[in-house]
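Trainee: To start, I am sharing the structure in question, which I have written as structure tokens.
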Amino acid sequence: MTSPGSPTRSSRDYLDELVWPLLRVVRAALPAMIERRYGKIVGATSATPVRAIPGLAVYSAARGAQNAFLQVAGAEAAPYNVQVNGLGPAHIRNNMYYTDEMLADDEVRGSFEAQIPAGRLGEGRKAAELALALASGASDFLAGQIVPVSGGWAT
């Protein structure tokens, strides 16, 4: 079966690339954090599952699985002073989703920006700054949260 919107990738590819690695990393790191009663895990996921985007059904399902896993892992780890949260970017400027050619075309760029309440694509630096905050003491009272970085697109 091919994923809607991606004729060359199978549904299993999305799970193999997005879901299983996250589960393995969290399961490997969590026991030591629980034992020392301190730790931070910030999963890189996506805000995509909160909106229905035609053509992205399987991708959104895989990202949704990541989000659900991080939420439950966060609730399970919280009693041990371990914070597990996720960063869910969408509409962040990068060459994978927004090529220079696309952004050079005012009409194409405008169609992207029109979907975002902030009216512009986000910068990777802002997502990185939020990831640092989630990995710091600033997140000591957050557990199992998926924090969208989307200029208001994922509300």
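Take the sequence shown: its letters are residues 1026 to 1180, numbered as in the numbering used here.
The beta-carbon is built from N, C-alpha and C at its ideal position, and this holds for glycine as well.
Nothing here was measured: the structure is a model prediction, and the numbers come from that model.
Looking only at its chain, what residues have a beta carbon closer than 7 Å to the beta carbon of S1071, apart from the 5 residues adjacent to it on each side?
Mentor: R1088, G1113, P1114, A1115
Trainee: Check this for me: beta carbons of V1109 and L1128, under 9 Å apart or not?
Mentor: no
Trainee: By Cβ distance below 6 Å, which residues in the same chain neighbour V1133 in space, the five residues on each side in sequence not counted?
Mentor: M1127
Trainee: Which residue wins for smallest C-alpha separation from N1119, given the options K1151, A1103, Q1091?
Mentor: K1151
Trainee: State yes or no: is the C-beta of Q1170 within less than 9 Å of the C-beta of G1080?
Mentor: no
Trainee: So, for Y1039: in the same chain, excluding its five sequence neighbours on each side, which residues have a beta-carbon less than 8 Å away from its beta-carbon?
Mentor: S1028, V1083, Y1084, A1086, A1087
Trainee: Which residue comes first and which comes last in the alpha helix (DSSP H) that contains Q1091?
Mentor: 1082-1102
Trainee: Counting C-beta neighbours from all protein chains within 10 Å, is the total for F1166 16 or more, i.e. buried, or is it exposed?
Mentor: exposed
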